[in-house]
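Have a look at the structure below, then the notes.
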Amino acid sequence: MSNLQKLAQEIERVRVHLHELVDKKSGNLIDKEVAAVSIALDQLIVQFEKAKNQQ
581 MSNLQKLAQE IERVRVHLHE LVDKKSGNLI DKEVAAVSIA LDQLIVQFEK
631 AKNQQ
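For the sequence shown, the positions run 581 to 635 when the numbering used here is used.
Shown next, in the form of structure tokens:
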């Protein structure tokens, strides 16, 4: 499995977790836990785009 594929899978896993967390927090997008997961997802997306551009 390539690095891009691994990153894509991790992005999807974190994205699903974020959606579930937002539901759990009644849509509170400024909750600290929601914000932390959102930041982690953003960082993964940046890593993915950088890796994609290096190919």
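Each residue gets a CB set at the ideal place from its N, CA and C atoms; glycine is no exception.
All figures in this text were calculated on a predicted structure; none of them were measured in a lab.
- Task: Could you say which of Q589, N583, L584, V602 lies nearest to S618 if we only look at CA atoms?
- Result: V602
- Close Cβ partners of D611 (< 6 Å) along its chain, the five nearest in sequence each way excluded: K605
- Item | C-beta contact flag for V594 and A631 at 9 Å | no
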